[in-house]
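From first to last, the protein sequence lines are chains A and B.
Under my numbering, the first residue of the first sequence is numbered 1, with each subsequent residue one higher.
Under my numbering, the first residue of the second sequence is numbered 1001, with each subsequent residue one higher.
Written out below as structure tokens is the structure these notes cover.
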Amino acid sequence: MSVMEPGQNLTTISANISEETLNPGRRLWWWGGFLVAVAFTALFVLAIEYLFIAGIGIWGVDIPVAWGFAIANYVWWIGIASGGTIISALFYLTQSEWRSAVNRIAESMTLFAAAAAGVMPILHLGRPSFFYWLFPIPNTMGLWPQFRSPLLWDFFAILTYVVSSVLFWYLGLLPDLALVRDRATTYRRQLFYGIAALGWTGSHTQWRLHKTAYGLLAALMAPLVVSVHSIVGLDFSGGLLPGWHSTQFSPFFVFGAVLSGFATVLLLVIPVRRLYRLETYITAHHLNLLVIFMLLCSLLLAYSYLIDALLPFYGNDEYERAVAIHRFTGEWAWSFWAAVGLNVVIPQLLWFPRLRLRLWLVCLVSFGVFVGMWCERIMLVTSSLYEDFMPSAWGHFTGTVWDWSTLLGSVGFAAAGFFLFLRYVPVASAYELKELLPPAERHG
Amino acid sequence: MSRRFWWRSFAERADDPDYLAAIAHEFPEPHGEGGVDRRRFLQLVAASAALAGLDGCSSLPPEHIVPRVEPLAGEEAGVPRYVATALVQEGYATGAILQHRMGRPVKLEGNPDHPASLGAADATLQAAILDLYDPERSAAVLNSGRVVDWNKLTLLLAGKRTDWAKTGGAGLRILTGRMTSPTLAAQLAALLKQYPGAAWHQWEPMSRDAVAGGANLAFGKPVEALPQFDKADIVLAIESDAISSAPGHLAYARAFAERRRAAETGQGKMSRVYAIEATPTLIGASADHRFALKPAEIETTLRAIAAAVGAGPNEWQDGDRPHWVDAVVADLSTHKGVALVHAGAEQSSTIHSLAHAINAALSAPVRYIEPVAVGAADIKSLAAEMHAGKVDTLLILGGNPAYDAPADLGFVEALKRVKLSIQLATHADETAAVAAYHVPALHPFEDWGDGRAFDGTAAIVQPQIRPLVPGHSAAEMIALLAGAQTLDPRKQVIDHWRQTTPGDFDTVWAGWLRRGVIPNTAAGAASVSLRGDFAASLPKPAAAPGLTVLIRPDPFLRDGAQANNGWLQELPRPLTRLVWDNAALIAPATAKRLELGPEDVVEIASAGGAKVRVPALVAPGQAEDCVTLSLGFGRTAIGAVGRDVGVDVGRLRRAGALWQTGATLHPTGEHATLATTQHQQNMAGRDMVRTRPLTAAEDKHETVEASLYPRHPYDGNAWGMTISLSSCIGCGACTAACQAENNIPVVGREEVMRERAMHWIRVDRYWGGTPDAPEIAFQPVPCMHCEDAPCEVVCPVGATTHDSDGLNVMVYNRCVGTRFCSNNCPYKVRRFNFYGYSGNDPRPAMSWNPDVTVRGRGVMEKCTYCIQRIREAKIAADRDDRPIRDGEIVTACQQACPTQAIVFGDINDPKSAVSTRKATPLDYALLEELNTRPRTTYAARVTNRNPAIAEG
């Protein structure tokens, strides 16, 4: 399978990619999808508004289950965000040619997923207006954050990750923004894309600097995606709770994150490819590779689940065992089995090459993983908390309407961002696609 | 949107033309018709601006004024004052000392000099301070629900007095609760002398008639028997309230616990306690052997025991009896002089008389005294007279008979037939709704009075604060009826005591007030002998009904008078851990037989025909076919806190059967959710509460210290705590004290159901053994103040950290609310302000303890070992340039604990009380395998089982 259908040259690529941004035509699906996403974004805003007015009592969190949806949502979204980074940065470094067609979609998804993730820890706080106290701001009282806390490093990690993701996305976007600017016919578009392109002229110097900067950022992003999920894992394993206090959490979280990342990329790439008629650039080869990577991650995650479920019975810690049994049979057992089913069992269908080509099936499996990973996150958060050491303090946890509103609203928020991306930014990286053209075909 | 019509009065709503005309001129236009037009307005603005400029021309010399910021006389900011008083509850007085800050009482503590307190204070006593500040207290005289002037009532009564002077007070009736107040009793006696046709009746919902009846049956006179637990090697408790609610229970609990922790302290011999009861009690939970029997079985068993120890005829031993009875009898008869039996107030007269007989036969360590309370006619005769229309004027001094009188008396109907009924009460309650007049009562902390303790010792009730509402006192009301020259309650009390006190009264009086006790006023010993015809005079045992309903006071609300008290509503009931609710307690086997699911609502119909619908709660330790219901709930007329909380089961009570009745029970098919603070009822196989038999109590538990890091040195003080599980009776006084001291807000039923109760020290209750015959263990859990605190390392902002004394402190200002600390606390003692609970608490700002921060929304909080008390002692010690003395710092929980289960102090000082207690081999740390090295440790529970009775 090739990375691009034949018959393409520099002109067709420029025209095809920029045309989608400049002359999209009447797109009912876009308006429909965007409005639904905006409606959910409004729900998100409402939920946040009410949260700030009333306090986090509106959620289902309690003592003992002091962490709930906000943390699960955070871990889930930041995991999803990893998909774009892996595809863009890691595969850039490995010089995987096929990434060029899908990296823009993946990166944009990362951007909005990271944004959705980024607000969650702030919403989670009892006093969100003081979130900046986690930042080491020099002050007259000599008061510093507490550097032993995993949460502090989590704060640094996510801040670094979000900032780097934005930079990486934007840097990769510059030549294409310039392309749209150059092809724009109205003054307002010229102005908008002109400002956004930051004076990109395509000079040799600019290309050289761009290539260097992009490479450096990619080299930074690839380890960042590992570190951010390792540190998210530490948020849990840094505690002493049975079910959390585990040495495998860092790799476990990376596996889960990448799985959900690939699943979400597939979930977006397949319809976008169809709707934008990008089959020329995003070929079956691309999708096949993505699915295989998803399957690989599913297997890695299965290994982690296995270790997590078996180790308590290998060791001699009654609390670990009790929590493991609660995960299988307790109040939130559904979330455990949903995670196992959706993240591990069902993706095994993708072993069959023929099934991998059934795009609707791939979409369904990906959507299953998308949901299943949230189930895993909420399972990890609650199942260790509601029945830990002191039987007298055991409790329950139930999400309230505001918990669900925040979750669904955040999906809407990320989706609305993605819709805007589809409309105003070239959905595929034109200049990178052009690099894939054999020199002979460039001027066809 | 349509405009809503807001009306200012019924007249306006009814469009009364006169009224509308009157209100039209209520707010007249200040500048004539038409107001100000634009031109005029601009003229005025211009003129004002011009005049304002003139101000700059002023050349008046500067003058200095001094604001009036004067401290109250004798008050120093931050320095507390302590004032003794006594609180009369259910007739009996308990000494209390109120801590005042800037002139207002903020915390109630027990009075160590008072025999009924010995320094301890139970939950109801401590909650009285919240009653004082209850914003929903009645504050106006009501006549049929309308506010009227107090003078209207005094004029009315002046007219009545003229009539009574002629008729000798015919038709005048006075209803009080149990009466131990010497002043009030003397006033009433004088009043009855003044009006021979008048009569005094008593109704005490927490009746002790059966106790008096039992003494009458056994000894022929209503003496009171005071068990002496300090001298008892063997205790047989018959559903005993001795350490939970009987008059003097704080003192009994102290003596009881001292014997229970003998293995820990090495002083004296550990007692052995047997409990026989139909529904679990605190003493039953502490007992070495606890037997759940139905009421009828209790009587036959007790008869058998009486006969076996020689206090009854042999035929009482006939018939089947449980296998353990012989072992108990053997234990009792081999401990003559040091074995006693005590029965609870809700037991029948027969059971009380049998207990007396056994005690007499065993020469039990029981002190008999003349009755402390002054008797009067009962409510039954009063109700009969009222129904017959013979009562012209009824004065109800305190109490709420419309809510709590036995249902068969039809008191509400009777009250409607009284021409002039006057009720004195703190709230416009159910009785106020029916009575012609309601007079707001002063809170005991605003009033003068007196009362006697369980042993007869008298104490003066002195006001702690100027009345917060324009209330009136009982002494004042009686003086008003008598037409006394002065109504001043203080004068009534002083005059009474002046008559009976020789010598310089003013000096003596000041001493009484200072100490809070009147010395040498304990009741005299009564000589008793068992009546010869005792056995023959006992009524025949009644046939047992199929299902018995036991009507019991709620442990904290009691008769429901304090139902508007959020602290008491939200204090977990010791055995059920229920809050804001009452339930029908049903034995597991009975629930299974009736196919009742958890929290199924059942309808209970008494033999008298009354019905209640209550959610069922399966209660281990409950006797089969016995359903226990709690009084004090289902108030319909009281403040918003207590209104419609739970179900009023008082309507099942009848005048002759206050505490139990035969009944039928049907599931209704409905479900209810009960609010509890503990969801897991057993220890899940873990060793939270360690229990050791007395014979093995010496095994030292070795703790291995495992750490790669050197211990952090604490050169000064290192505060620590130890809690004796043999002593803890689970009463919840510590939780109440902590709530009062540390400004812990009440969160309400809904929030408790969402697992957000805020108590800093909780008392865990675990069931062990089988559901039908459970072992019951209590464990108070405050913050452990771990040396290696897991909460500290996970806080990203360092809001919880160690201080120089090794305390794990919480910096509220710094907390951003990540809640990781709570997740990481293996003891789950941290509490979070999910909402702004303190701000929503209806208590007035003046009632909070100014020494403790009131926490805002979104911050974590937890037990601080009462750091404000530590700092206070530290400052005092630093001023005197001396170390802090052992025992100088007493935490609130420790102070209130009736059994002295909690000891606090410096673990750096090997001679301190806490170090001594921690040195016992019974000492252990909770979850020590986590290596958190808690500063709070426990002394394992020691049991002293009778080897002759098989386990289980």
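Cβ atoms here follow ideal geometry from the backbone N, Cα and C, with glycine treated the same way.
By the criterion of Cβ-Cβ separation under 7 Å, what are the contact partners of residue i in chain B?
i, result
"Arg148 of chain A", "Val1793"
"Ala393 of chain A", "Lys1828"
"Gly194 of chain A", "Ordered by position in chain B, no residue passes the 7 Å Cβ test against Gly194 of chain A, which lies about 43 Å from the chain."
"Leu385 of chain A", "Asn1823"
To which residues does DSSP link residue i through a beta bridge?
i, result
"Met1179 of chain B", "B:Val1374"
"Leu1420 of chain B", "B:Thr1393"
"Gly1095 of chain B", "B:Ala1086"
"Ile1379 of chain B", "Its beta-bridge partners do not exist; DSSP assigns none."
"Phe1961 of chain B", "The structure shown does not extend to residue 1961 of chain B, since chain B is modelled only from 1001 through 1952, so no value can be given for it."
"His204 of chain A", "Its beta-bridge partners do not exist; DSSP assigns none."
"Arg273 of chain A", "Per DSSP, none; premise fails for Arg273 of chain A."
Starting from the beta carbon of residue i, find every residue of chain A whose beta carbon is closer than 8 Å, and list them in chain order.
i, result
"Glu1570 of chain B", "Those do not exist, as Glu1570 of chain B stays about 15 Å from chain A at its closest Cβ, beyond 8 Å."
"Leu1807 of chain B", "Going along chain A, no residue has its Cβ under 8 Å from Leu1807 of chain B, so there is no contact; the nearest lies around 17 Å."
"Asp1923 of chain B", "Those do not exist, as Asp1923 of chain B stays about 19 Å from chain A at its closest Cβ, beyond 8 Å."
"Tyr1766 of chain B", "Pro391 and Ser392"
"Leu1930 of chain B", "Leu240 and Phe389"
Measuring alpha carbon to alpha carbon, tell me which of the options ends up nearest residue i.
i, options, result
"Lys1611 of chain B", "B:Gln1194, B:Pro1910, B:Arg1653 and B:Val1147", "B:Arg1653"
"Thr1661 of chain B", "B:Ile1586, B:His1201, B:Lys1592 and B:Gly1546", "B:Gly1546"
"Glu1476 of chain B", "B:Phe1505, B:Ile1870, B:Gly1168 and B:Leu1397", "B:Leu1397"
"Val1273 of chain B", "B:Ile1238, B:Lys1918 and B:Arg1303", "B:Ile1238"
"Ala257 of chain A", "A:His210, A:Asn73, A:Asn16 and A:Thr11", "A:Asn73"
"Gly395 of chain A", "A:His326, A:Arg27, A:Leu310 and A:Leu177", "A:His326"
"Pro1780 of chain B", "B:Met1688, B:Leu1354 and B:Arg1831", "B:Met1688"
"Met1784 of chain B", "B:His1323, B:Lys1828 and B:Thr1501", "B:Lys1828"
"Leu1631 of chain B", "B:Ile1305, B:Pro1553, B:Ala1376 and B:Pro1115", "B:Pro1553"
"Ala1623 of chain B", "B:Pro1588, B:Ala1616 and B:Leu1042", "B:Pro1588"
"Val1914 of chain B", "B:Phe1904, B:Arg1692, B:Leu1922 and B:Pro1555", "B:Phe1904"
If the cut is a Cβ gap below 9 Å, which residues of chain B does residue i touch?
i, result
"Pro138 of chain A", "Going along chain B, no residue has its Cβ under 9 Å from Pro138 of chain A, so there is no contact; the nearest lies around 15 Å."
Just to make sure I have the definition right: I need the residues of chain B whose C-beta is within less than 8 Å of the C-beta of residue i. Which are they?
i, result
"Asp388 of chain A", "Pro1826 and Lys1828"
"His396 of chain A", "His1679 and Glu1755"
"Phe131 of chain A", "Val1816"
Run through chain A and tell me which residues come within less than 7 Å of residue i, C-beta to C-beta.
i, result
"Pro1790 of chain B", "Leu240"
Can you list the residues of chain A that residue i reaches, using a CB-CB cut of under 9 Å?
i, result
"Tyr1835 of chain B", "Ala54, Gly55, Ile56, Gly57 and Ile58"
Would you mind telling me which residues of chain D sit closer than 9 Å to residue i, beta carbon to beta carbon, in chain order?
i, result
"Arg127 of chain A", "Going by chain labels, chain D is absent from the structure shown, which instead holds the protein chains A and B."
Chain-ordered residues of the region 309-340 of chain A with a beta carbon less than 8 Å from chain B
Glu318 and Ala322
Which runs of the alpha helix (DSSP H) spanning at least 4 residues fall entirely within the region 1583-1609 of chain B, listed in chain order?
1588-1593
Please identify, using Cβ separations under 8 Å, the residues of the region 1813-1828 of chain B that lie next to chain A, in order along the chain.
Arg1814, Cys1815, Val1816, Gly1817, Thr1818, Arg1819, Phe1820, Ser1822, Asn1823, Asn1824, Pro1826, Tyr1827 and Lys1828
May I ask you to list, following chain order, the residues of the region 1673-1698 of chain B that have a beta carbon less than 8 Å from some beta carbon of chain A?
Gln1678, His1679, Gln1680, Asn1682, Met1683, Ala1684, Gly1685, Arg1686 and Met1688
As an exercise, report each continuous beta strand (DSSP E) stretch of at least 3 residues that is fully enclosed by the region 233-261 of chain A, in chain order.
none
Quick check on the DSSP output: what are the complete beta strand (DSSP E) runs of length 3 or more inside the region 1516-1570 of chain B, in order along the chain?
1548-1552
Under 9 Å, CB to CB, which of the residues in the region 56-84 of chain A have a partner in chain B?
Ile56, Gly57, Ile58, Trp59, Gly60, Val61, Asp62, Ile63, Pro64, Val65, Ala66 and Trp67
Report the residue ranges of all beta strand (DSSP E) runs contained in full by the region 1083-1170 of chain B; include only those spanning at least 3 residues, in chain order.
1092-1101 and 1104-1110
Counting only runs that start and end within the region 1858-1938 of chain B, where is the alpha helix (DSSP H) found for 4 or more residues in a row?
1867-1879, 1892-1896 and 1913-1918
Segments assigned alpha helix (DSSP H), at least 4 residues, entirely inside the region 377-425 of chain A:
401-424
The region 148-163 of chain A: positions lying closer than 9 Å to chain B by Cβ
Arg148, Ser149, Pro150, Leu151, Leu152, Trp153, Asp154 and Phe155
To be precise: take each residue of the region 1601-1632 of chain B, compare its Cβ to all Cβ atoms of chain A, and keep it if any distance is under 7 Å. Which residues remain?
none
To test your reading of the DSSP string, which unbroken alpha helix (DSSP H) runs of 4 or more residues are found completely within the region 1214-1281 of chain B?
1249-1260 and 1262-1265
Could you give the uninterrupted runs of the alpha helix (DSSP H) lying entirely in the region 1295-1325 of chain B, keeping only those of 4 residues or more?
1295-1308
Where in the region 50-119 of chain A do unbroken runs of the alpha helix (DSSP H), each at least 4 residues long, occur, reported from the N-terminal end onward?
69-85
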